[in-house]
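Shown next, in structure tokens, is the structure this report addresses.
Number of protein chains: 2
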Amino acid sequence: MSTSNRLLIIGGVAAGASCAARARRLDEHAEIIMIERGPDVSFANCGLPYYVGGEISDRAALAVQTPGSLKSLLNLDVRTGCEAVKIDRAGKRVEVKYLADGRSEWISYDKLMLSPGASPLRPALPGINDGRVFTLRNLQDMDRIVAATEEGMRAVVIGAGFIGIEMAEQLRHKGLSVELVELQTQIFPQLDSPMTALLESELRRHNIGITLGDGVARFEAQENHLRCHLNSGKVLDADLVILSIGVRPDTELARDAGLELGPRGHIVVNDFMQTSDPSIYAAGDAVQTRDRVIDSSVNVPMGGPANRQGRVAADHIFMADKARPYPGSLGTAIVRGFEVAAGITGWSEKRLQAAGKPYATVTVNDQHHAGYYPGAKPLSFKILWEPDSGRVLGAQATGFEGIDKRLDVMATAILGGMTIDDLCHLELAYAPPFGSAKDVINLAGFTACNRRDGLVRHITELPTDPQVQIVDVRPQPLAEAFPAPANVINIPFPTLRANLAKLDRTRPVLTVCAFGKMSYFAARLLIQEGFDVKSFSGGLKANVDPRSPAKMPTP
Amino acid sequence: MSTSNRLLIIGGVAAGASCAARARRLDEHAEIIMIERGPDVSFANCGLPYYVGGEISDRAALAVQTPGSLKSLLNLDVRTGCEAVKIDRAGKRVEVKYLADGRSEWISYDKLMLSPGASPLRPALPGINDGRVFTLRNLQDMDRIVAATEEGMRAVVIGAGFIGIEMAEQLRHKGLSVELVELQTQIFPQLDSPMTALLESELRRHNIGITLGDGVARFEAQENHLRCHLNSGKVLDADLVILSIGVRPDTELARDAGLELGPRGHIVVNDFMQTSDPSIYAAGDAVQTRDRVIDSSVNVPMGGPANRQGRVAADHIFMADKARPYPGSLGTAIVRGFEVAAGITGWSEKRLQAAGKPYATVTVNDQHHAGYYPGAKPLSFKILWEPDSGRVLGAQATGFEGIDKRLDVMATAILGGMTIDDLCHLELAYAPPFGSAKDVINLAGFTACNRRDGLVRHITELPTDPQVQIVDVRPQPLAEAFPAPANVINIPFPTLRANLAKLDRTRPVLTVCAFGKMSYFAARLLIQEGFDVKSFSGGLKANVDPRSPAKMPTP
Ligand SMILES: Cc1cc2nc3c(=O)[nH]c(=O)nc-3n(C[C@H](O)[C@H](O)[C@H](O)COP(=O)(O)OP(=O)(O)OC[C@H]3O[C@@H](n4cnc5c(N)ncnc54)[C@H](O)[C@@H]3O)c2cc1C
Ligand SMILES: Cc1cc2nc3c(=O)[nH]c(=O)nc-3n(C[C@H](O)[C@H](O)[C@H](O)COP(=O)(O)OP(=O)(O)OC[C@H]3O[C@@H](n4cnc5c(N)ncnc54)[C@H](O)[C@@H]3O)c2cc1C
Ligand SMILES: CC(C)(COP(=O)(O)OP(=O)(O)OC[C@H]1O[C@@H](n2cnc3c(N)ncnc32)[C@H](O)[C@@H]1OP(=O)(O)O)[C@@H](O)C(=O)NCCC(=O)NCCS
Ligand SMILES: CC(C)(COP(=O)(O)OP(=O)(O)OC[C@H]1O[C@@H](n2cnc3c(N)ncnc32)[C@H](O)[C@@H]1OP(=O)(O)O)[C@@H](O)C(=O)NCCC(=O)NCCS
Numbered sequence: 001m002s003t004s005n006r007l008l009i010i011g012g013v014a015a016g017a018s019c020a021a022r023a024r025r026l027d028e029h030a031e032i033i034m035i036e037r038g039p040d041v042s043f044a045n046c047g048l049p050y051y052v053g054g055e056i057s058d059r060a061a062l063a064v065q066t067p068g069s070l071k072s073l074l075n076l077d078v079r080t081g082c083e084a085v086k087i088d089r090a091g092k093r094v095e096v097k098y099l100a101d102g103r104s105e106w107i108s109y110d111k112l113m114l115s116p117g118a119s120p121l122r123p124a125l126p127g128i129n130d131g132r133v134f135t136l137r138n139l140q141d142m143d144r145i146v147a148a149t150e151e152g153m154r155a156v157v158i159g160a161g162f163i164g165i166e167m168a169e170q171l172r173h174k175g176l177s178v179e180l181v182e183l184q185t186q187i188f189p190q191l192d193s194p195m196t197a198l199l200e201s202e203l204r205r206h207n208i209g210i211t212l213g214d215g216v217a218r219f220e221a222q223e224n225h226l227r228c229h230l231n232s233g234k235v236l237d238a239d240l241v242i243l244s245i246g247v248r249p250d251t252e253l254a255r256d257a258g259l260e261l262g263p264r265g266h267i268v269v270n271d272f273m274q275t276s277d278p279s280i281y282a283a284g285d286a287v288q289t290r291d292r293v294i295d296s297s298v299n300v301p302m303g304g305p306a307n308r309q310g311r312v313a314a315d316h317i318f319m320a321d322k323a324r325p326y327p328g329s330l331g332t333a334i335v336r337g338f339e340v341a342a343g344i345t346g347w348s349e350k351r352l353q354a355a356g357k358p359y360a361t362v363t364v365n366d367q368h369h370a371g372y373y374p375g376a377k378p379l380s381f382k383i384l385w386e387p388d389s390g391r392v393l394g395a396q397a398t399g400f401e402g403i404d405k406r407l408d409v410m411a412t413a414i415l416g417g418m419t420i421d422d423l424c425h426l427e428l429a430y431a432p433p434f435g436s437a438k439d440v441i442n443l444a445g446f447t448a449c450n451r452r453d454g455l456v457r458h459i460t461e462l463p464t465d466p467q468v469q470i471v472d473v474r475p476q477p478l479a480e481a482f483p484a485p486a487n488v489i490n491i492p493f494p495t496l497r498a499n500l501a502k503l504d505r506t507r508p509v510l511t512v513c514a515f516g517k518m519s520y521f522a523a524r525l526l527i528q529e530g531f532d533v534k535s536f537s538g539g540l541k542a543n544v545d546p547r548s549p550a551k552m553p554t555p
Numbered sequence: 001m002s003t004s005n006r007l008l009i010i011g012g013v014a015a016g017a018s019c020a021a022r023a024r025r026l027d028e029h030a031e032i033i034m035i036e037r038g039p040d041v042s043f044a045n046c047g048l049p050y051y052v053g054g055e056i057s058d059r060a061a062l063a064v065q066t067p068g069s070l071k072s073l074l075n076l077d078v079r080t081g082c083e084a085v086k087i088d089r090a091g092k093r094v095e096v097k098y099l100a101d102g103r104s105e106w107i108s109y110d111k112l113m114l115s116p117g118a119s120p121l122r123p124a125l126p127g128i129n130d131g132r133v134f135t136l137r138n139l140q141d142m143d144r145i146v147a148a149t150e151e152g153m154r155a156v157v158i159g160a161g162f163i164g165i166e167m168a169e170q171l172r173h174k175g176l177s178v179e180l181v182e183l184q185t186q187i188f189p190q191l192d193s194p195m196t197a198l199l200e201s202e203l204r205r206h207n208i209g210i211t212l213g214d215g216v217a218r219f220e221a222q223e224n225h226l227r228c229h230l231n232s233g234k235v236l237d238a239d240l241v242i243l244s245i246g247v248r249p250d251t252e253l254a255r256d257a258g259l260e261l262g263p264r265g266h267i268v269v270n271d272f273m274q275t276s277d278p279s280i281y282a283a284g285d286a287v288q289t290r291d292r293v294i295d296s297s298v299n300v301p302m303g304g305p306a307n308r309q310g311r312v313a314a315d316h317i318f319m320a321d322k323a324r325p326y327p328g329s330l331g332t333a334i335v336r337g338f339e340v341a342a343g344i345t346g347w348s349e350k351r352l353q354a355a356g357k358p359y360a361t362v363t364v365n366d367q368h369h370a371g372y373y374p375g376a377k378p379l380s381f382k383i384l385w386e387p388d389s390g391r392v393l394g395a396q397a398t399g400f401e402g403i404d405k406r407l408d409v410m411a412t413a414i415l416g417g418m419t420i421d422d423l424c425h426l427e428l429a430y431a432p433p434f435g436s437a438k439d440v441i442n443l444a445g446f447t448a449c450n451r452r453d454g455l456v457r458h459i460t461e462l463p464t465d466p467q468v469q470i471v472d473v474r475p476q477p478l479a480e481a482f483p484a485p486a487n488v489i490n491i492p493f494p495t496l497r498a499n500l501a502k503l504d505r506t507r508p509v510l511t512v513c514a515f516g517k518m519s520y521f522a523a524r525l526l527i528q529e530g531f532d533v534k535s536f537s538g539g540l541k542a543n544v545d546p547r548s549p550a551k552m553p554t555p
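Taken in sequence, the protein lines are chains A and B.
Per the numbering used here, numbering through the first sequence is continuous, rising by one, with the last residue being 555.
Per the numbering used here, numbering through the second sequence is continuous, rising by one, with the last residue being 555.
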């Protein structure tokens, strides 16, 4: 071991096991002790919902490594059922307790790694200790939930973040009836609300009941089931309840040891994952790191950051100067609900608003690959950028196929400090089964630059001012079959040039269409004919399940 | 029209129609004339093979726009069956010939756009004018091929670039017997040979005969069919032949007009698509542009560049100072062959070698999403970078799922000037159905940095020197079932620490495994035990169809 010879790791799953694995590759002779309170190390938390639902049938597949395999592969001293209870920083030692026999001992360290993760929130609500109220963090939680589920039972899932959505989907997949309850007025609250509409309708289409803007107030045991009383007074009867309302970092040990914590209890680390005590590192759900988009601190409790942060810590411990910093987190997240996916990278509109940051945004709708090739599925794609510089701040996508791809490209673009001009000219892979000559990301770049260059002004809500002439440029059959929710004049785009006389030049015009493209075309035409015009960005169908019978308008 | 009032466009498909469409949006009152030799404008060349194969059944879907729709949507004056025959630069006019009646006229222009595309190569080989030898560029070519195909016939496809591969796949899909012939010693010659192995085996699995390193010398008409004589003397009998050996730019007009051409006959343009005559623009397959990776000129005859270049030209004509430059082309390309996809972005190894540019490369193998979630499919991923700066120069990927995604991320990373260190920390979307906590791109970044930091030395070919001890660290059953093609000692990785005595410390060691990961782990171990060791990069299975019965080794 180059700079120290015993690395002690508290918490043996994503960040901890990754740190241990990298440490061993960097130093074959270091002594690496990994202690873990639970019976398992190195398991796939992210897979737990899919085992509950039966999509993953092999429980052993969830244990990516076992203490035995970590011994034989990495020569680690793994101690499960062993809890760290106290850190003595001055003495560079940790008191641990073996849960099987209650025995305690002090283990000294040269370097200490804290990767204790986070625990599901369990607020002190009346009735919450009922055995039918579950949270999901580890294999034991999972086993308990599986034991409690039988086809046809009633499940209530409280909290519609990504774990809640996955659990709702999987319980439904297993045949349970499912009610999903969310305090905010949308599911998947990381996203801006319109980008969750398709996913919400998909969950409803699969008969998941969704209650928004409501929280659970208390649980009441009935003879054979549990009654969930919501804040609104609404009552949901359940055979089991999944509580998935967020996590809080497991940082009491760090706090007691006097390590610096952030405002929400996360361990403060530098770019090499060092805490305020340079002999102590921390990584994963328990820490706050640099935000990659806007200079600030952020906690991103996700598997990727945990794994990579653990690795950075090992690098700094064993490679010293050669270690490269952790560049910060973006907050990339994705969730699937049946056929629909939705996700985000970087900052959302509401987060930018709340932080008072200037931003601009457009949403464009397109298909996931060339429209002329069979199987093209619609998707909706939103970007946010910094008005002055054009630098991309965030992106969201929802649809059926290729959602992960667009998010990954955008995550890369954000890390590269790229601008809306750069998005115009991303040269993405195009053959008919895979993409389009102009991908939706290029189109978003075009649209953003058009906005920036003053070629078009967008609005995102239909005006109520009767002075505004709303011009629906969709083909007449479409306009009739799916009327706009406002008083409109239908002038199909191809006839617009011949029908300018139908419009009053003294009154403002708003152009609308299905997806926001023809209304842009119309706005360009009318602007140059001297009208005061805006385009309804995103279109009338943007928030509607695109599998509805109305076909995409041409073009 | 702000700076000119008549835009004349020669060639009305990708670059030309895109230029016209953007021009109209920028200037409602400009006069825009688009002339096209063929009967169709604005059609999906890229979809042609899929109509031949029957995957696209609606021929009309291939006409993205028609002269009529371009008139009603964009108020364009579209003249099909009209060929430009001469450019009079001094007079700013073009002589055109109407093919229907042979009539000629001069059309004057303020700005001229050249988007004539490229034509399939048709070398002067004996017999090549036989009516059974086809090329594919437009709907008429396609119709002729469709008319010539009947189930059970024999097709020979000459040239295994992406069009040749698509045609081979689609003809096979339609039930023809297919022989694919390629002059180079690999299919899809844009890629480095190992990255095409899976695709090649997939084509063979579907009973496509493949002849590599051989070209066609002459065609000989037989009583009822055509005989293709290859350079090697090999003979293939065919009922139809598809010639897909590349394209040459249609730039005689430009040459005759004295416009500057590049060494291979492409029109030279600046970053705003202006030719050496500032009133004349050019875009698409006919031009050479800046290479985005390495300072040089390049022609990338693909749909995305053509569309976007056409748009840049319109911007420069109508927005003047506000126009943003075309940043150059990367050469992103992808092809599908049945279940397998393969593609590239940026520079290949052989291209870097030929240009004498310094580079380093690694290939890693992984799965397209979390291994514990059902349906994970193997993929192989190669990156190339500049040794001094770490800047990424290119990437290639092949596998079953998620190939387009990895190429798109890498195209974005290259445009962003990103390095191998950046790849380590791309925060890509991860939920079990979509990705992994450490995506294969992150792993490639890790591996590249490990190489750069001297943690491992790789070799890509098994040595013949008997002095080298080749240590196969795969599990014994796997090593026995699929023996390495060399004299090896099998020491499964978990037992390596206990078996160091089996190795001679005075002789060099090469570690091998299935995918290159365990051999890296073994190399790290042995290096630190004092051995002179290299790891066999990519692994023994890298070039083998991963659907073979051998399971992935653990881990
Ligand atoms: C159901 C579920 C689904 C998820 N899905 C995704 C997903 O799709 N994508 C994604 O990116 N992320 C997902 N995550 C999040 C991801 O699993 C976490 O971000 C990641 O596991 C965090 O890693 P960690 O090492 O910081 O913490 P953990 O993985 O939680 O590991 C911490 C370990 O430390 C142990 N520990 C704590 N305190 C002590 C102590 N004092 N002594 C000894 N041991 C201690 C704990 O028992 C625990 O096992 C999901 C999480 C859950 C629960
Ligand atoms: C079968 C096939 C499959 C393809 N697949 C893909 C793919 O999957 N992905 C991809 O990115 N690219 C693909 N391409 C390439 C892509 O289609 C071209 O890069 C693109 O069409 C080039 O656009 P262009 O406007 O430069 O030329 P073209 O599309 O070729 O258009 C040029 C037009 O100009 C006309 N013309 C030429 N000279 C004159 C003249 N003197 N007077 C009047 N008219 C003239 C021609 O008739 C022609 O119609 C494919 C091409 C083919 C043929
Ligand atoms: C299992 C676990 C210990 C693995 O740690 P690990 O060994 O670092 O990770 P991997 O098995 O992915 O291997 C990565 C290593 O192999 C190398 N590697 C991977 N594929 C390679 C290839 N084809 N060729 C060469 N090297 C390769 C990587 O470079 C990396 O080594 P490095 O860190 O020294 O650079 C850890 O990831 C873990 O516990 N995971 C489960 C828990 C978890 O992540 N939960 C949250 C998400 S569900
Ligand atoms: C059909 C063709 C003329 C279309 O040209 P186009 O109108 O520029 O292209 P699109 O229909 O994709 O529309 C793009 C325009 O709509 C805008 N747009 C697209 N979706 C939008 C949305 N949802 N909201 C707002 N604007 C949108 C874009 O910004 C762009 O406008 P801009 O260039 O003024 O910024 C041309 O692409 C073509 O001929 N294609 C077929 C030939 C071909 O490409 N062959 C090779 C590949 S197969």
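Using N, Cα and C, we set each Cβ at its ideal position, and we do this for glycine too.
- Residue range Val340 to Gly346 is occupied by the beta strand (DSSP E) that includes Thr345/A, with no alpha helix (DSSP H) assigned at that position.
- When Ala17/A, Gln469/A and Arg264/A are compared, the shortest CA-CA separation from Thr506/A is found for Gln469/A.
- Under the criterion of beta carbons closer than 8 Å, Cys19/A and Arg311/A qualify as touching, at roughly 7 Å.
- Here the alpha carbon of Ala160/B sits roughly 51 Å from the alpha carbon of Leu510/A.
- Rounded to whole angstroms, Arg172/A and Lys541/A show a C-alpha spacing of 28 Å.
- Under DSSP, Tyr98/B forms a beta bridge with Cys82/B.
- Distances from the alpha-carbon of Glu427/B to those of Thr464/A, Met302/A and Val471/A put Met302/A closest.
- Judged by their CB atoms, Met153/B and Leu236/B are not nearer to each other than the 9 Å cut-off.
- Leaving aside the five residues that flank Arg324/B on each side, the residues in its chain whose CB is nearer than 8 Å to its CB run, in chain order, Val312 and Asp315.
- Exclusion of the five residues before and after Phe134/A leaves Asp141, Arg144, Ile145, Ala148, Leu240, Val241, Ile242 and Leu243 as the residues of its chain whose Cβ lies within less than 8 Å of its Cβ.
- Counting only residues of its own chain and dropping the five nearest sequence neighbours on each side, Val268/A has a CB closer than 8 Å to the CB of Leu259, Glu260, Leu261, Gly262, Thr275, Ser276, Val287, Gln288 and Ser297.
- Judged by beta-carbon spacing, Val78/A lies within the 9 Å limit of Lys71/A, meaning their Cβ atoms are closer than that value.
- Shown here for Gln476/A: same chain residues with a beta carbon closer than 8 Å to its own, the five before and five after excluded, namely Asn490 and Pro492 in chain order.
- Between the segment 347-365 of chain B and the segment 219-230 of chain B there are fewer than three inter-stretch CB-CB distances shorter than 8 Å, so the stretches are not counted as touching.
- Per DSSP, the unbroken alpha helix (DSSP H) holding Gly445/B starts and ends at Val440 to Arg452.
- DSSP places Ala481/A in the uninterrupted alpha helix (DSSP H) bounded by Gln476 to Ala481.
- Not flagged as an interface residue toward chain B: Cys513/A, since no C-beta distance is shorter than 9 Å.
- Looking at the backbone, the Cα of Thr251/B and that of Val96/B are separated by about 16 Å.
- Listed by position along chain A, the residues whose Cβ is nearer than 9 Å to that of Ser72/B are Phe493, Pro494, Thr495 and Arg497.
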